[in-house]
Every structure is written in structure tokens, then in C-alpha cells.
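Right, one structure below, let's go through it.
Number of protein chains: 2
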Amino acid sequence: MTITAPDRPRTAETGPRITATGEGLRRALDGPFHTLKQRWRHEVSADDFVRDPTLGVEEAREWALDKLVALAARGFAIAGFPEAQGGRGSTAESVAHFEMLAMGDLSLTIKSGVQHGLWGGAIVNLGTSWHHETFLPGTITGELTGCFAMTELGHGSDVQSLETTITWLPETCEFEVNSPTPTAAKAYIGNAAAHGKWAAVFGQLLVDGVNQGVHVAVVRIRTDDLGPVPGVVIGDQGHKGGLLGVDNGTLFFDHVRVPRTHLLDRFGGVNTEGVYTSAIESKNARFFTMLGTLVRGRICVGGGAASATRKALSIATRYSLKRTQFRLPGLGAEIPLLDYQAQQRKLLPNIAKAYAYGFAMNELALQLQRVTDAAGADPKAGRELETRAAGMKAMLTRWANDTIQVAREACGGAGYLTENGLTLLRQDADVFATFEGENTVLMQLVAKALLLDYQRTWGDLDLRGTAQATARMLGETFLERTTARSVIDRILTTANRRPEAQQLTSRAWHIQLFEDRERHTVEGLAKRMRAAGKVPAEEAFAATNACQQHMLAAARAHTDRVVLEAFIAGIDATGDPYIASILSKVCDLYALATIEENRGWFMEHERFDGSRSKAITEAVDALCLELRPKALELVEGLGVEESWLNAAILRG
Amino acid sequence: MTITAPDRPRTAETGPRITATGEGLRRALDGPFHTLKQRWRHEVSADDFVRDPTLGVEEAREWALDKLVALAARGFAIAGFPEAQGGRGSTAESVAHFEMLAMGDLSLTIKSGVQHGLWGGAIVNLGTSWHHETFLPGTITGELTGCFAMTELGHGSDVQSLETTITWLPETCEFEVNSPTPTAAKAYIGNAAAHGKWAAVFGQLLVDGVNQGVHVAVVRIRTDDLGPVPGVVIGDQGHKGGLLGVDNGTLFFDHVRVPRTHLLDRFGGVNTEGVYTSAIESKNARFFTMLGTLVRGRICVGGGAASATRKALSIATRYSLKRTQFRLPGLGAEIPLLDYQAQQRKLLPNIAKAYAYGFAMNELALQLQRVTDAAGADPKAGRELETRAAGMKAMLTRWANDTIQVAREACGGAGYLTENGLTLLRQDADVFATFEGENTVLMQLVAKALLLDYQRTWGDLDLRGTAQATARMLGETFLERTTARSVIDRILTTANRRPEAQQLTSRAWHIQLFEDRERHTVEGLAKRMRAAGKVPAEEAFAATNACQQHMLAAARAHTDRVVLEAFIAGIDATGDPYIASILSKVCDLYALATIEENRGWFMEHERFDGSRSKAITEAVDALCLELRPKALELVEGLGVEESWLNAAILRG
């Protein structure tokens, strides 16, 4: 159970900044994005992207725009744009850039996310070549600043109910963008309060009195010298709980006219004859196709939250290695905080989760690239990606909020001083839980997708009785395997032939528990939802509403399983056996800590008994103790440069 | 299972601001402090104590001092001072004032806590009549501003290891206060950075070369016009994660001399002959006696955190009743957020906890009063109070941090806007988890006290076997009953004669589960600690360190039980049967939600099986649904005036 290989000497490549083991872990966790991420570490300094946390709202906003322009000029964070316009045409790389940016500052990250990711992404994904040629070059440099104006005061999660209208005016061949009520005002819009010159405005497209559903029009909201544009009323939402560098505001449109070409018409638009045309007949399908192309934002948010958490864990762990309190009985030396079991318990399982989520993010970025490359040719893969993105976003941002707080408390009073960086991370990451999809709503989307897969597999069969007998088949069809499929199958096959299959650190046992929890939770949900579907209409809401907590549980179980598989695949792809052996221990900790968190469920469903449950808790304690001597290397492996941490407690 | 009594009409007393049920709940929850708390509601407006959340550091600091002075002049928040100096001599009332202050603003609360509670409390509790007469009148008005200079950079939790020295100089009959090393600097000291003129400085008292342990000297740190004093180096710790209105700073003493009279010498000092004298012989006992008199600060912090949480729950619940999203299938009306099961689950169990903790705080305040009145005559009651205070502080501040965040997320993007008040609460309450005793350290203190009680009862008996057989006796001795003893006994006695004792809403069953969890956890811990006590010295740290998580679990189990008993006593003391019937439902929800959170433990220890565990979850869901129509009344009952909420989303 102990890691015996000695730590290796530093190499010329790593230099004095990082241990060889830390470097190896970093390479493994970066995976396919190692070269890109190393470029950030070698070329980007704290001055380039770490914010002074005491800046006020105005200063922070100017700082964020300045840094965004400067980094874009150096080719950072613009990989997602088409090569024709100066990008690299790689959505996967754009996610990796976002993750690195988030190791510096989240305001700058979200400012770039708004400008390059959301506004730029709307042009790229919903527009056609004229839009690309017209808007993208300036968007990339940051000269042509834009907003992503989807959310309204009245409707955030329920995008299909937006009130804004985009009405075709046949007499002038224009569209009129209008906010018909006060609650139709666009709200929480980044780049709106100070810097935005343009906005991609989501609204109901009305052509000849027919509502064609939500579409997007590009609308000028400020002049080049940031002066007012008639008909657009802009509000400043001012001070927020964090992200002070992002200028969120409201936009209200009073019958504003734009040319016909300003509708982003890749999936539907009005032709020169004034007739609405779309390749997608169903209004509903069109809506979800359009929204589906915007999935990258959701993926990035999860990754950014995870980067901020890695930073927080790096600060707290390094401090816990350095800070002592109370003395050893008799011996007299003061004890480093990380020697205490309670401190280990706060940090090490979260470091393990950081690795797990990191490998899962890499996989998700590659999956995004495949779906983007397929350009709609594989709708099933597109749906899977959306489900994965929703689950990962909700899971990672929840973990980020909780874990940054744990890290801040683990540093005691020092953690509360702004100069130590943790409270800024906490405040900035907070909103990640509710923007780009509110987490509770997202997890319900995941559950609905799982039910849909379930229904496709099982149709209207009576589920009672058949479920157990066909569990194996179910596992192969409904539990959509991640890319780790072959390695998982190998582990399971090998384990079945070995006596220690029930050992707590048996990876096969972890896999089986994770899969079983997902399968059983989704099956149970399917039964309940099926029953809820049969009640009279007036009771329908109450019946499905009563399943909400069950839906959230199913979504969590699914996402946990996906993450475990990604971790396993990540270890499998690690060439260095010593690094792989450390990662395997970290994966044990991830798996067992997750099982421990859900031990109530496992015992309720008699997957294991009380004595095994207690043994799992002991195993988590033991793994924390075992990994504690590698704590520095493990946080080095999380990939945040020490010079970016910006914590006074780590200096001197 | 339904609440059938109709809501009662508004009365002249309640006016239009609040429902009669809300008023009744408020009266019940205020308990013995109703008159005092109503005085705040009737006489204190938002202008008096609700902060503009966008104030910067300097403005917020000035605002806090101004408001503190103005409220003190009106007799608020100074009840804890002796009547001779213009207070009311009531420590219980001082806690209640602190709780009300925290419904306005936490910076102001902590500013008052530093000035009146900590600095003033040190003078009151550690000083003698000369100190009272000299320092208290100005302390009460806020003219004589003071610091509580205990924590050092090097030592926070480990107060006995403080490095600051207070050395007796026989030749001049003075003390010399000195910071011998950089880590001896006092840190995180409120009132130090800007406003403090005096400081109560904790340090090792050295008399004729003998260390008499930690004592406190009153030291001038600024002149009346806030100019410098030679030998005192003051640092400003500047911007923090919250509490911007509190001027935390560092104090470094370079051989500063103070007269003999400036040692707070109630428990030990140097007489005019230059000889150290103390009524308490043991240095250790003296230290803990001195610290024990400062327990009020810890009690107040828990109560203040709970008040902030009540405010957050009030905002989020009122918003959830007003805000709609998505439509009823078929019917078309948009659904209020609070109709969703997931939203109910976020808010209602936390509202139930707010009631539970509120009743427990009332009891704790009265217990504090009794111990204060006994003036050391009942050391056992003093120790119990310290244990209770530590457990409650850690429990309530943890809950506050988690729950304010839940409330902020329950409001979606709106929750993140500063104008809606939630992020300020979150940022300000954050530090409550680590100041006035770091929570993890406090919970270990609780566990140690429980073990000590256990040892007193059982001595060195072999615990194996005897534990089960003597469980009943144990219940009566080691499980120290709260004031609810008689009502609890009545419930248990009655329940044993009734068949439905196993029903999920049987209060007797709740009590038994809570007690059983505490007893078993402490017993198990005692066994492990006993074994750990027998290992060789060099393994002693590792052996006891391995019990840390178990210690935290025991402390939580104990505190949960104490809180449940207080809730039961609070209902018993409620004269209005309709209000009592609502509170009884709320108590069901508190008890079952707490059992649900700990269902892993209960199943591990075979206290109930999986099917019962699932039934508990269903019962929590059902109670949320049942209490949802009373949500407004329930948050009204939490006692935060609507005009104090200061949330833009609730206006208009």
C-alpha cells in the first residue's frame, strides 16, 4: 500500500521550480494539451493575468479589457476561431486556453469568455461566412466588443419563453428588435455595462405573423467611441458578489431596426424574397440545434471553475505544509497543519477530485472537438455531449464553490485576508453555479436525457422484473461507455478471475459500484416517471415534481461514473509507470471518497453493509495519510505555476 | 399530517407588516427575549444599521464606528456592562442584542463585538473595580476605543504558546510589554488598523524570572487624536473577504511600559510589594479560568451567524414565492420557484434548522447568565457552558456559511447582484467559521470535554460489554440533560406506552436516535482514545491523530442532540396551541432532515435499515410540501423585519 519509488532528481527541463514528480504529474494531467498549457506556464507571467484583488469595479473592468486585448495579440485564448480569421479552428484548444486563463483571474477569464467565447461563438456557430468575415477579425483583437444577450429579467433558465421580439418588416427588408415589457430586458449581460459595441440578441422571430421561435440578431448598442445608440437603453448592474472585472448590465430595445443580413441565419433566416427558410422543419428541433452549438460555453465554465479550485488547493496545501500549530506531546516540535488528520481530510480527497475532474475535462474537450468536426452529422454524439457538458458543469462548479471555501477555512484567519487570494477565488467562482445554466436545472436536463436513452432502449416494456434479469445487457446499451471502454472492460474481465476482486482498492469493484448506482437510480427514476405520466393532467405537475430530488440523484450518479472512467483512461494513457502508480493511489482516493459520500445510498440498497462502510471510511483515512508525503508533488501536478498563486502567506 | 387551523386575521398590534401567524412564531422563537427584540423592530430602522454594500474599506470603517456610537447612545447593544457603568448587567441580553445587530449588518456587529464585547468584556471579566471605573464609561459610548489583542501571527488556536511577554520591572514598578519575534505580532485584531486607542494585550507574565502564564495588560496604542504612541508598531491588514467595516490590523510592541495597575488582575497580578499573587494556584487552571470568562464572544458569534442566515433565508424564500419560471404543462401559468421540490429542499429544512438553532441560542444565553451570576461558584456549569458554546459556535457558523450560499444560489443570477444583499451576507459571515475559535479546533474541544465527562463517570473500567448493559444509566449520567429534561422524560415515558412509537414523526423516536448516536459515538471514541493512550510515546501523536475525524463526529452528534432538546423545550414553552402545532411540524422536519443527513451512520450501526432510511427521505419531502403554504409565515417568524432585508429583488 506504500509508494516506494524514490523521488527523482530535478531535470534541466523542470528547472528549480518544480519537482520531477510534480512535472510528471502535470504532464499526465495536461494530457493532449500539455504543449499548449506549458506555453502558458513559460510565457505568461502573473503580471499578464493575475489581478490585484483590491481593485474597485471601474479599475477591474478596465484591467480585464486591457489584459484580454494584450493576451489576444499574443495569440492566447483565441484558438477557437476559424483559421481564416486568425484562429486555429480548434474548439478543444479553446477550452484548454480557458482553463489556463482561469488559473490567473476569473474576471479576465469570463471577460474573454463573453467576448471570444459567447459573442464570438454566436457569430461562428450561428452565423454564416458574411458574419464571420464582417465581425470576427475585430472580435478576436477585442476591438469589436460584443455581448451575448440571451437571458432576460423575466426568463433565465426558460429560454424558449423569452419575450424579446425580432420582427421582419417586409416594407424595408429589416428586422425590428423590441423589448415589449420591462421583464423582457436582457439582464446579467457581460460587456453590456461598459465596453460592448454590439450584441447578439436572442428573441422570438416573427415573420408574417408567424413565430419561428428563438433566433439571434446582431444589434449595434454603442458607437465606436462608446456613445449611445438611439433606441437602446443600457443599465449597469454594478457591484456583484465577485467578478468585478466583468461589466454586467441590462439591455432594453425600443423598436431598434437592423438590416436583413444581421440575423445570424445558419439554421434559419429570411431570404431576399422576404420568406423564412430553414433546413430544420420543427421549431423545437431548430431551437435545440441552435442552443446545442453553444455548448462550449458550458464546458468552459466547468473547466474554469476547476482551475480556480486547483489554485485554491495549491495555496491551502502549500500553506498547510509550512504552517505549524500546537506541539507534539513530549517532543516539543510544532506540528505542520497537514500532519493533522482533519486537515488531510479537508484537502487530499479534494486534490484527488481535482485530478479526476481534470482528466474528465480533457476528455470532454476532445468530445467537443469531435462533435464540432462532425458539423451536425452525428446528432446522437451531439446530444451525448450536451448531457455530459451539463452534468460536468453542474458537478464541477458545485465542487469548486465548496472546495475553495474549504481551502480558505483550512488557512484559518489568513485565508480571509484578501492578500492571500482565496476569498477572491471564492467570490469570483460563486456565480459559476448559476450562470451558463443554473445547476439544478442542468442536472434535471441530464436526468431527462438519461431517461430518454433508457426509453429508447426499453420502449414501453413493463420494467418490473425485466430489469434485474437484463442488467448485463442494460449495462452495455444504456450505460453509454466513455472512451475508456476498452480499458474498463479489460479491468472488469481481469478482476473476475482474481480473488481480491472485493478488496477496497480493486478498481473493478469501484467501477461496478459506480455503474450500479447509476443504473439503479435511473431505473428507479424511470419507473416513477412512468407512473407519474399516467396520472390525470391536473396532477401531472405534482407527480413529476415529486421526482425532482430523484432526478438530481440520477444525474449525479451518472456524472460520477463518467468521471471515474475518464480518470481510469487517463492513468492508462500515462506512459511513466511511477507517475501512473501515484495516480492510481489518487484514483483510489477519488473512488473511495465518492463511495463514502454516497454510502447512505449503497447501504439503503444493500450494496454493502455497515461494516464494509466503516472499512471504506478507514481506507479513505489511510489513503490520506499515505499520500500526505506527496502533497507538494500532487499540487504541483495540478499545474498552477507557483508564481501565479499570488498569496502573501506563501512568500518569504 | 396537515395543518388545518385557518390563518388568523391581522391584529392591531401586528399591523399590516406581518401575518398573525408570523407574529406568533416570532414571539415563540424570541422566547424570553421577545420584548427586547421587539424594541429593535419598532425602534431601529434600516438607516440605523443596514450598510450600503458597495462601500469601500475606508467608508465602511467610518460607517461602522458612527453607527456603533449612535446605537450605543440610544442604549442598544450595551446591556452586558455593569449597571454601575450604565449597562444592565445582563450577559444574556447582550447576546440577544448581538443577534439583533446581526440582522442589520455583520461589520457593525463585529465592530460592536470588538469594542463592547471583547475589549469591554476583557475589562469587565478580567479587570477589577479600578479598571471598570477607569475604562468602561468611555468604552460604552465608543469614545474609548479598544482592541482585544490575543491572536498572534504565529499562534492563533494555540493561545498558551503566545510569544508576547509582559515582564514585571521591580525597579520602576511597571510592566514591559514586548513582542520578541516577528511572529509574536498580534494579528487580525479588530479596531487596530484605524480606530483603537487602547488594547488588552495577552502575553506571558514574567515576574522575577518565573512565567506565570498568559495574562492581560491594558496598553495605550494611539493618542486621543489617533496619533502614534512610541514603541507600538501598527499594521493595517486592509482588504478582506468581507467585514470591510472592521479595521483589522497587526500590533507589534517594542518594549512598551505600562503602570502596575494596567494588568487586568482579577485572577492574578503583582501587588504593591512586587509579588505575584493569585487565588488560583495552578497556572493551567488560571489560564482556563481566564479564558472561560470570555466565552460570551463565542456564543455571540454563533448567534450572529444564525441571524445573518435567517436574513438570507428570508430573502430567498420571499423571492421564491414571487419569482416564477417555466409553465405548468397544459395549463400555462408560470410556476413559483418555491413550488419546485428542489427549491423546497434547499430552503425549508434550513428554515427548520433556523428555528432549532434559535431555540438553542436562547437556552445558551440563559445558561451564560446563570454561569455569570454564579461568579465561579459552579465550575461544572462553567465547563458545560464552554463545551456547549464551542459546539454551538462551530455548528451554527458552518451552517451559516453553507446556507447563505444555498440562499444566494436559490435566487439564481439575481442572488449574485450586490443590490440583493446575499453576497454581502455570505462574505461577511465567512470568517465566522475561523475566528473566535477555529471550528475544527472547537469541535475537538467539545469531544475532549465529552470524553472527560465519560471518564469521570466510568473511570478506568473496561468498557467492553458493560456499555450495552448500562446504556440506560449512562443515558442519565453522561448525557447531561439540557433544561428540557422534564419534557423529554415525559415524551419518552408517554411514547413507551403508545403503539406508534416507531412512527417517523414520533418525537420519542427522534430523541432516542439523537441520543443513541451521541452515546455510541462517544463510547467508541473513548475506547479508541483509551487504546491510543497505551502506545509508546513516539507513536502517541499518530494514534490520537487517527481519531480526529471520530472526535468531530462525536462533537456533532452531541451538539445535534442538545439542539433537538432545546427545540422541544421551546415548543413546550409556547402557550399558543396553533403556533405550537406549526412548530411541532417544523421540529419534525428538523429532526428528520438531521437524521437523513446522518443516515449513513445509522445504517452502519444498524439503527435502522435501508427501507426505513428511504422512508425518512420521503417523509422529509412530504414535510417540505406540507410546510410550503406556510413559508411566508415561517420566515416572518424568523424575526427579521422586512424593511431590514435591503434586497432590490423584493421591492416593487
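Quick mapping for you: the protein sequence lines, in order, are chains A and B. Residue numbers for the first sequence follow my numbering, beginning at 1 and rising by one. Residue numbers for the second sequence follow my numbering, beginning at 1001 and rising by one. Yeah, the Cβ is synthetic: ideal placement off N, Cα and C, and Gly gets one too.
Proximity to residue i [Cα-Cα], best of the options
| i | options | result |
| --- | --- | --- |
| A:A102 | A:L424, A:E143, A:N350 | A:L424 |
| A:K630 | A:D378, A:F267, A:Q549, A:V586 | A:V586 |
| A:R529 | A:L450, A:L627, A:A279 | Before going on, a small fix: residue 529 of chain A reads as Met here, not Arg. Taking only the C-alpha atoms, the option nearest A:M529 is A:L450. |
| A:K311 | A:G104, A:E596, A:G75 | A:G104 |
| A:W198 | A:R260, A:F135, A:H605 | A:F135 |
| A:Q405 | A:Q325, A:A316, A:E334, A:A394 | A:A316 |
| B:T1289 | B:E1163, B:T1164, B:K1380 | B:K1380 |
| A:Q212 | A:K111, A:R286, A:E633, A:T387 | A:R286 |
| A:H605 | A:L650, A:L625, A:V446, A:G524 | A:G524 |
| B:Q1138 | B:H1520, B:F1081, B:R1398, B:K1240 | Strictly speaking, residue 1138 of chain B in this sequence is Gly, with Gln absent from that position. Closest by alpha carbon: B:F1081. |
| A:G575 | A:S157, A:P32, A:E409, A:D339 | A:P32 |
| B:L1029 | B:E1062, B:A1046, B:F1359 | B:F1359 |
| B:L1126 | B:G1231, B:S1045, B:G1376 | B:G1376 |
| B:I1649 | B:V1562, B:N1420, B:G1269 | B:N1420 |
Within 8 Å, strictly: CB atoms of residue i and residue j
| i | j | result |
| --- | --- | --- |
| B:A1389 | B:L1422 | no |
| B:S1107 | B:V1301 | no |
| A:W119 | A:G86 | no |
| A:V219 | A:V159 | no |
| A:A305 | A:A429 | yes |
| A:E518 | A:A557 | yes |
| B:L1638 | B:L1144 | no |
| A:H131 | A:I140 | no |
| B:N1174 | B:R1257 | According to the sequence shown, residue 1174 of chain B is Glu rather than Asn. In this structure, B:R1257 lies closer than 8 Å to B:E1174 by Cβ. |
| A:I166 | A:G142 | no |
| B:K1186 | B:L1243 | no |
| B:H1042 | B:F1076 | no |
| B:T1172 | B:V1201 | no |
| B:L1564 | B:I1511 | yes |
| A:R628 | A:L348 | yes |
| B:L1366 | B:V1295 | no |
Segment limits, beta strand (DSSP E) that includes residue i
| i | result |
| --- | --- |
| A:I315 | Looking at the DSSP string, A:I315 is not in any beta strand (DSSP E); the run it does join, the alpha helix (DSSP H), is 295–322. |
| A:I649 | Taken as a continuous stretch (DSSP letters only), A:I649 belongs to no beta strand (DSSP E), as it is neither H nor E. |
| A:E83 | Note, A:E83: premise wrong, no beta strand (DSSP E); not H, not E. |
| B:F1148 | 1146–1149 |
| B:P1336 | 1334–1336 |
Start and end residues, alpha helix (DSSP H) containing residue i
| i | result |
| --- | --- |
| B:Q1341 | 1341–1374 |
| A:H215 | First-last for A:H215: 210–220, but that is the beta strand (DSSP E), not the alpha helix (DSSP H). |
| B:I1140 | 1129–1141 |
| B:P1379 | 1379–1410 |
| A:Y590 | 577–597 |
| A:G24 | 20–30 |
| B:R1561 | 1548–1572 |
Identity of the residues DSSP links to residue i by a beta bridge
| i | result |
| --- | --- |
| B:D1236 | B:G1249 |
| A:F175 | A:W168, A:V258 |
| B:F1202 | B:V1216 |
| B:F1326 | Per DSSP, none; premise fails for B:F1326. |
| B:I1686 | Nothing can be reported for residue 1686 of chain B, as the shown portion of chain B is limited to 1001 through 1652. |
| B:Y1276 | B:V1270 |
### Query
Between the stretch 233–252 of chain A and the stretch 183–203 of chain A, do three or more beta carbon pairs fall short of 8 Å?
yes
### Query
On the three-pair Cβ rule with 8 Å, is the stretch 435–451 of chain A touching the stretch 1176–1184 of chain B?
no
#### Entry: Meets three-Cβ-pair contact criterion under 8 Å: the stretch 73–92 of chain A and the stretch 264–277 of chain A
no
### Message
Three Cβ pairs or more, each shorter than 8 Å: is that satisfied between the stretch 1052–1063 of chain B and the stretch 1019–1036 of chain B?
### Response
no
### Task
Inspect the CB distances between the stretch 1580–1599 of chain B and the stretch 1032–1046 of chain B and report whether three or more fall short of 8 Å.
no
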